[in-house]
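Numbering (the working numbering), first residue to last: 9 to 359.
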């Protein structure tokens, strides 16, 4: 511990140095931290289901087993859907190559009417199959992905099994009615609510977008809907990134009108899902300054890769929770404009 008589300036420098050391340590162990983080997020996401089963009289062990089995089935279905859809895309690549050549010729003709001349011979050598194969290889191998998911499942199982006991230990340490326990419960409940509501919103967004693309007949519609669901966790950037392949394939199949139609639907869905539906599903305001959100995505993405980008907001909320629990550091949340997030909240229920 730092001696009490240490000057405030030196204490601040030591705190900053400690933060940098922790960041470097996390960067060096990013694989393990990502695994633990993803397991923690899944645990927080399934805690409401655990509480519901416990209220129905189901034992903790059986409840955790049922939830883990259901989660594994959901993840397995998502992986199967992604792999199956991607294989179909790879199988139809020769058709996409022909469509690309046709669209480039159309684009050249449209631009020529405005006096703009472009050379499309270089574009004709583009092999979409190679681009897709390079993208998959650049993300991860199938073996590494399955191994990562296996460890996540095992870690999540034991985290969920240990969650009620950790609560009991925390209450016995600080007292069930202590202000610390109440504050921690309120703030952890906020994080759980955010993860659950974000997941529900992403699910609705992915279903609607994938359904529209299916009706429209876009190649890989289910895959782009799934991508919308997953990347929806990334604020601001995620939905834009998820929309790019859908717009590209709409352009390949139906030309510029098809791409414009997809863009219009994306804008409408963003207005409907990200505002009224999100507000309906939650009973509290999730108002985080946009600058903090963007910096969180950049920082956690650099630190932990794609897992950090997906769960940038929950990671930031956990850090803010730690600051809120400290009397000496709580002022940082107020300075950042997020102190209101952890104020006491009472949910209004409809009569």
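We put the CB at the ideal spot given by N, CA and C, even for glycine.
Computed from a predicted model, the values in this text were never measured in an experiment.
Would you mind working out which of the options sits nearest residue i, comparing C-alpha positions?
{"i": "residue 242", "options": "207, 343, 227, 253", "result": "207"}
{"i": "residue 48", "options": "343, 56, 182, 167", "result": "167"}
{"i": "residue 230", "options": "250, 244, 245", "result": "250"}
{"i": "residue 213", "options": "180, 225, 248", "result": "248"}
{"i": "residue 190", "options": "201, 200, 178", "result": "178"}
{"i": "residue 335", "options": "188, 315, 19", "result": "188"}
{"i": "residue 321", "options": "235, 245, 333, 271", "result": "245"}
{"i": "residue 258", "options": "306, 325, 111, 331", "result": "111"}
{"i": "residue 77", "options": "64, 60, 54, 151", "result": "54"}
{"i": "residue 295", "options": "268, 277, 159, 349", "result": "349"}
{"i": "residue 209", "options": "277, 93, 115, 273", "result": "277"}
{"i": "residue 88", "options": "211, 173, 154", "result": "154"}
{"i": "residue 40", "options": "307, 159, 342", "result": "159"}
{"i": "residue 198", "options": "323, 340, 307", "result": "323"}
{"i": "residue 68", "options": "272, 173, 271", "result": "173"}
Rounded C-beta distance between residue i and residue j? I'm assuming under 8 Å.
{"i": "residue 80", "j": "residue 171", "result": "In fact, because the Cβ distance is near 18 Å, the residues do not count as touching under 8 Å."}
{"i": "residue 221", "j": "residue 233", "result": "7 Å"}
{"i": "residue 195", "j": "residue 329", "result": "5 Å"}
{"i": "residue 318", "j": "residue 156", "result": "About 13 Å; that fails the 8 Å criterion."}
{"i": "residue 227", "j": "residue 97", "result": "6 Å"}
{"i": "residue 169", "j": "residue 66", "result": "Actually they are not in contact, since the Cβ atoms of residue 169 and residue 66 sit about 13 Å apart, beyond 8 Å."}
{"i": "residue 120", "j": "residue 50", "result": "Their Cβ separation, rounded to whole angstroms, is 54 Å, which puts residue 120 and residue 50 out of contact at 8 Å."}
{"i": "residue 315", "j": "residue 61", "result": "Not quite, the Cβ-Cβ distance comes to about 28 Å (not below 8 Å), so this is no contact."}
{"i": "residue 337", "j": "residue 297", "result": "With 8 Å as the limit, residue 337 and residue 297 do not qualify as a contact, their Cβ atoms being about 18 Å apart."}
{"i": "residue 114", "j": "residue 347", "result": "No, residue 114 and residue 347 are not in contact; Cβ-Cβ is about 55 Å, not under 8 Å."}
Do residue i and residue j have their CB atoms nearer than 9 Å?
{"i": "residue 75", "j": "residue 58", "result": "yes"}
{"i": "residue 56", "j": "residue 200", "result": "yes"}
{"i": "residue 325", "j": "residue 237", "result": "no"}
{"i": "residue 107", "j": "residue 261", "result": "yes"}
{"i": "residue 256", "j": "residue 269", "result": "no"}
**Prompt:** Are at least three pairs of beta-carbons, each pair with one atom in the stretch 209-226 and one in the stretch 268-285, less than 8 Å apart?
**Reply:** yes
**Message:** Counting beta carbon pairs with one atom in the stretch 305-318 and one in the stretch 23-39, are three or more of them shorter than 8 Å?
**Reply:** Between the stretch 23-39 and the stretch 305-318 there are three or more inter-stretch CB-CB distances shorter than 8 Å, so the stretches are counted as touching.
**Item:** Sufficient close CB pairs (3 or more, under 8 Å) joining the stretch 299-306 to the stretch 182-200
**Value:** Not touching, per the Cβ criterion.
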